[in-house]
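Inspection log for the structure reproduced underneath, given as structure tokens.
In the numbering used here, the protein residues as written are 5 to 593.
Shown next as structure tokens:
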């Protein structure tokens with residue numbers, strides 16, 4: 005796992021994406037598994053997320069495997085062993101809390117470890133996450149409660165440091181059950197409390213060998229220590245179809261100063277990911293003598309038109325990155341060479357330094373994400389950013405680091421300001437004015453969003469809804485009602501933007517599944533049936549048209565029948581759409 009203060013994988017900023025920390029290299033939701041791959045150019049680290057299963061509904065179950073590289077084989081103080089997958093792989097529910105005799109703690113979850121001192125405050129000053137002893141969630145006491153500032157996710161841990169429940173900001177619960185195997189607690193079940201949908205885990209000799217999803221489909225996992233490989237086999241999408249098999253290989257590097265006596269200082273890293281004969285990812289890590297740990301120097305990914313996408317990283321006085329790739333409409337390579345610079349924002353703190361991207365050299369004329377320079381406060385909060393046209397964007401923040409104002413093209417006639425206010429109880433926006441649009445939010449004591457108001461910025465908010473007979477009010481209001489037990493939204497009412505527009509009501513079942521919508525004329529559209537994952541299978545719209553949808557074992561639609569018209573879908577083994585057959589028989593390949 006990546007650790008704050010070691011790899012700084014997450015800048016801890018909840019509302020901005022800062023180029024130069026974990027860069028998004030790939031985000032592919034159209035395939036199986038859903039893949040997200042990130043690289044961190046300063047420390048030369050990578051993080052791969054592969055989501056094998058994701059349900060539907062409010063805060064649905066999701067099983068994601070994660071691999072962070074490089075990682076020390078000697079340092080075992082993380083939760084990877086709880087995942088029981090081998091080779092440094094962990095998964096989305098293999099989280100834990102580690103307590104030290106000094107009184108400090110470390111929470112490792114979703115591939116990231118966050119340290120807390122004996123005062124229960126994060127050891128890195130740019131992190132706003134919290135850890136509370138004997139906390140309460142939804143009226144239930146827990147030995148430890150960890151809250152992720154960025155997402156609002158709360159995690160409950162028992163006295164052994166095992167994750168026993170995870171909650172979204174609204175309080176919807178994923179409950180984690182454990183079983184004792186060879187004296188070690190292993191995760192046995194994860195249950196979505198509102199719906200009762202459950203993931204079940206099976207082990208052999210202490211290693212995870214399969215996960216069974218709510219419909220009974222089985223995902224198989226195999227770890228080979230002798231070959232340093234991990235293999236996942238997905239359920240066959242349809243009867244008789246070939247199963248997708250995805251294999252990863254681990255590499256290792258040892259400190260050049262190792263003399264052969266004692267235990268070597270060894271780091272492991274994700275070397276390749278392949279499907280059959282196709283290598284989808286190949287990473288090269290180097291460990292020059294005199295450096296603390298390995299860093300990646302080359303990443304090769306499968307790209308368009310049989311042309312690999314290549315990223316190279318070298319270390320002159322600046323961090324130089326080279327990217328080679330082919331577009332979808334050409335087989336020729338395009339190559340970009342650019343430098344990134346970084347700065348330590350808390351220069352006097354040598355124990356917990358905070359690094360931020362200071363600038364990037366211009367890669368191309370249309371590279372909008374490039375910025376010439378950036379400034380920060382001591383906690384790593386972004387204060388200003390200047391692009392290559394000389395335009396400056398400035399930020400002000402509250403004591404929690406939350407952005408109050410953002411002025412684009414500051415000091416010019418084209419300046420545009422965005423202002424925000426925040427709830428004192430939660431890191432949630434209560435108001436935002438951006439250009440001609442103003443939005444306001446209201447919350448209850450649990451942090452549930454109970455009302456959202458959208459209005460022209462030129463209109464003063466005098467009431468939370470337009471008064472009857474008003475000729476000047478142009479507000480659109482969204483009101484939400486929650487189930488007091490399961491915390492899911494059970495009703496959303498949209499009113500406006502004029503009172504005479506009436507209201508549209510969306511109702512949900514008490515397990516969080518969509519039930520029906522009623523428009524301002526009283527016409528009702530209803531979801532008649534869902535499958536074991538929460539996918540809508542049978543629905544009738546407000547005009548009475550009946551739609552039936554079927555899915556394959558991986559949750560992808562196979563057919564959509566609207567009345568007598570049927571559209572059919574066929575997929576490649578990796579889950580990408582291969583053929584769409586329209587109701588008239590014509591095909592799109």
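Glycine included, C-beta positions come from ideal geometry on N, C-alpha and C. Here the structure is a predicted model, which means the values were calculated and not measured.
Next on the checklist: Using a Cβ distance threshold of 8 Å, determine whether the segment 378-397 contacts the segment 406-421, with at least three qualifying pairs required.
Outcome noted: Between the segment 378-397 and the segment 406-421, the count of Cβ pairs shorter than 8 Å is three or higher; the stretches touch.
Next on the checklist: Checking 8 Å against the spacing of the C-beta atoms, do residue 561 and residue 553 come in under that value?
Outcome noted: Counted from its first residue, the chain shown places residue 561 at position 557. Counted from its first residue, the chain shown places residue 553 at position 549. Yes, they are a contact pair.
Checklist entry - Helix, strand or coil: which one does DSSP assign to residue 310? => result Sequence index remark: in the chain shown, residue 310 carries index 306 (1-based). Shown here, residue 310 sits in a helix according to DSSP, grouped into three states.
Next on the checklist: My output table needs one value for residue 12: the three-state DSSP class, helix, strand or coil.
Outcome noted: Sequence index remark: in the chain shown, residue 12 carries index 8 (1-based). Note on residue 12: pLDDT 28, under 50, position unreliable in the model; the coordinate value appears next. Residue 12: coil per DSSP, three-state reduction.
Checklist entry - If you draw a straight line from the alpha carbon of residue 127 to that of residue 450, how long is it in whole angstroms? => result The residue you call residue 127 lines up with position 123 of the chain shown. The residue you call residue 450 lines up with position 446 of the chain shown. Their Cα atoms are separated by approximately 28 Å.
Item to check | Buried or exposed by the 16-neighbour rule on C-beta atoms within 10 Å, applied to residue 418 | outcome: What you label residue 418 is simply residue 414 of the chain shown in a count that begins at 1. That one is exposed.
Next on the checklist: Looking only at its chain, what residues have a beta carbon closer than 6 Å to the beta carbon of residue 538, apart from the 5 residues adjacent to it on each side?
Outcome noted: Position 534 of the chain shown, counted from the first residue, corresponds to residue 538. Excluding sequence positions up to five before and after residue 538, its CB lies within less than 6 Å of the CB of 59, 60, 61 and 517, all in the same chain and listed in chain order.
Next on the checklist: Just to confirm my understanding: we take residue 37, look at its own chain, exclude 5 residues before and 5 after, and list those with CB closer than 6 Å. What are they?
Outcome noted: Start at 1 with the first residue of the chain shown, and residue 37 comes out as number 33. The residues are 54, 55 and 56.
Item to check | Cβ contact (3+ pairs, closer than 8 Å) linking the segment 172-192 and the segment 204-211 | outcome: Inter-segment contact for the segment 172-192 and the segment 204-211 is present: three or more beta-carbon pairs are separated by less than 8 Å.
Checklist entry - Which residues in the same chain as residue 431 place their Cβ atom closer than 8 Å to its Cβ, once the five residues preceding and following it in sequence are excluded? => result Your numbering for residue 431 matches position 427 in the chain shown. Excluding residues within five positions, the ones whose Cβ falls inside 8 Å are 18, 132, 153, 156, 404 and 406.
Next on the checklist: Based on DSSP bridge pairs, tell me the residues matched to residue 512.
Outcome noted: Position 508 of the chain shown, counted from the start, is the residue given in the question as residue 512. Answer is 518, bridged to residue 512.
Next on the checklist: Within 10 Å of its beta-carbon, does residue 483 have 16 or more other beta-carbons around it, so buried, or fewer, so exposed?
Outcome noted: One-based indexing of the chain shown puts residue 483 at position 479. Buried.
Checklist entry - Taking just the CA atoms, how far does residue 452 sit from residue 158? => result Working through the chain shown from its first residue, we reach residue 158 at position 154. Working through the chain shown from its first residue, we reach residue 452 at position 448. Taking the straight line from one Cα to the other gives about 14 Å.
Item to check | Three or more C-beta pairs below 8 Å linking the segment 240-249 and the segment 260-276 | outcome: The segment 240-249 is not in contact with the segment 260-276.
Next on the checklist: Beta-carbon within less than 8 Å of residue 460's beta-carbon, same chain only, minus the 5 sequence neighbours each way: which residues are those?
Outcome noted: Reading the chain shown from its first residue, position 456 is the one you call residue 460. Correct list, in chain order: 440, 441, 442 and 478.
Checklist entry - Is residue 280 buried or exposed, if buried means 16 or more other CB atoms sit within 10 Å of its CB? => result For the purposes of this step, residue 280 is taken as residue 276 along the chain shown, with counting starting at 1. Result: exposed.
Next on the checklist: Just to confirm my understanding: we take residue 519, look at its own chain, exclude 5 residues before and 5 after, and list those with CB closer than 8 Å. What are they?
Outcome noted: Sequence index remark: in the chain shown, residue 519 carries index 515 (1-based). Closer than 8 Å at the Cβ level, and outside the excluded window around residue 519, lie 511, 512, 513, 530 and 531.
Next on the checklist: Rounding to the nearest angstrom, what Cα-Cα distance links residue 349 and residue 438 in this structure?
Outcome noted: Here residue 349 refers to the residue found at position 345 when the chain shown is read from its first residue. Here residue 438 refers to the residue found at position 434 when the chain shown is read from its first residue. Going from the Cα of residue 349 to the Cα of residue 438 covers about 29 Å.
Item to check | Length of the line joining the Cα atoms of residue 342 and residue 366 | outcome: Residue numbering aside, residue 342 sits at position 338 when the chain shown is read from its first letter. Residue numbering aside, residue 366 sits at position 362 when the chain shown is read from its first letter. Their backbone Cα atoms lie some 7 Å apart in a straight line.
Checklist entry - Where does residue 87 sit, in a helix, a strand or coil, going by DSSP? => result For the purposes of this step, residue 87 is identified with residue 83 of the chain shown, where counting begins at 1. Residue state, collapsed to three classes: helix.
Checklist entry - My guess is that residue 285 and residue 276 are in contact by the Cβ rule of under 8 Å, so how many angstroms apart are they, rounded? => result Start at 1 with the first residue of the chain shown, and residue 285 comes out as number 281. Start at 1 with the first residue of the chain shown, and residue 276 comes out as number 272. In this structure residue 285 is in contact with residue 276, their Cβ atoms being roughly 6 Å apart against a cut-off of 8 Å.
Next on the checklist: Please classify residue 171 as buried or exposed, where buried requires at least 16 neighbouring CB atoms within 10 angstroms.
Outcome noted: Stepping through the chain shown from its first residue, residue 171 is reached at position 167. Note on residue 171: 16 or more other CB atoms within 10 angstroms of its CB, so buried under the neighbour-count rule.
Next on the checklist: Based on DSSP bridge pairs, tell me the residues matched to residue 215.
Outcome noted: Residue numbering aside, residue 215 sits at position 211 when the chain shown is read from its first letter. Residue 215 is bridged to 205 and 223.
Checklist entry - Ends of the beta strand (DSSP E) at residue 463? => result Along the chain shown, one-based indexing puts residue 463 at 459. That residue, residue 463, is in no beta strand (DSSP E); it is neither H nor E in DSSP.
Item to check | Continuous beta strand (DSSP E) stretch holding residue 3: start and end | outcome: Beyond the ends of the chain as shown, which are 5 and 593, falls residue 3; an answer cannot be given.
Next on the checklist: Please tell me whether residue 558 and residue 67 are closer than 8 Å, where the distance is taken between their beta carbons.
Outcome noted: Along the chain shown, one-based indexing puts residue 558 at 554. Along the chain shown, one-based indexing puts residue 67 at 63. Cβ atoms of residue 558 and residue 67: not closer than 8 Å.
Checklist entry - Quick one: Cα of residue 523 to Cα of residue 544, how far? => result What you label residue 523 is simply residue 519 of the chain shown in a count that begins at 1. What you label residue 544 is simply residue 540 of the chain shown in a count that begins at 1. If you take the alpha carbons of residue 523 and residue 544, they lie about 14 Å apart.
Checklist entry - Per DSSP, what kind of secondary structure is residue 138 in: helix, strand or coil? => result The residue given as residue 138 occupies position 134 in the chain shown. Correct three-state label for residue 138: strand.
Checklist entry - For the segment 392-467, which segments carrying the beta strand (DSSP E) assignment without a break, of at least 3 residues, lie completely within its bounds, in sequence order? => result For secondary structure counted as the beta strand (DSSP E) over 3 or more consecutive residues, the segment 392-467 holds these complete runs in sequence order: 396-401, 407-412, 420-426, 433-438, 441-447 and 453-460.
Next on the checklist: Which same chain residues end up closer than 6 Å to residue 565 when comparing Cβ atoms and leaving out the 5 residues on each side of it in sequence?
Outcome noted: Position 561 of the chain shown holds residue 565. Contacts found: 552.
Checklist entry - Can we say the segment 97-113 touches the segment 160-169, given the rule of at least three CB pairs closer than 8 Å? => result The segment 97-113, when compared against the segment 160-169, does touch it at the 8 Å Cβ threshold.
Checklist entry - Less than 8 Å separating the beta-carbons of residue 41 and residue 299? => result Locating residue 41 in the chain shown gives position 37, where the first residue counts as 1. Locating residue 299 in the chain shown gives position 295, where the first residue counts as 1. Cβ distance not < 8 Å, so residue 41 and residue 299 don't count as in contact.
Item to check | Opening and closing residue of the beta strand (DSSP E) in which residue 288 lies | outcome: Taking the chain shown and counting its residues from 1, the one referred to as residue 288 is at position 284. Where residue 288 is concerned, the enclosing beta strand (DSSP E) stretches over 282-290.
Checklist entry - First and last residue of the beta strand (DSSP E) that includes residue 189? => result Here residue 189 is taken as the residue at index 185 of the chain shown, counted from 1. Segment 188-196, the beta strand (DSSP E) holding residue 189.
Checklist entry - Tell me which same chain residues have a C-beta within less than 6 Å of the C-beta of residue 293, skipping the five on either side of it? => result For the purposes of this step, residue 293 is identified with residue 289 of the chain shown, where counting begins at 1. Correct list, in chain order: 260.
Next on the checklist: Could you check if residue 414 belongs to the surroundings of the ligand ADP, using beta carbon to heavy atom distance under 7 Å?
Outcome noted: The ligand ADP is not among the ligands present in this structure, which contains no ligands whatsoever.
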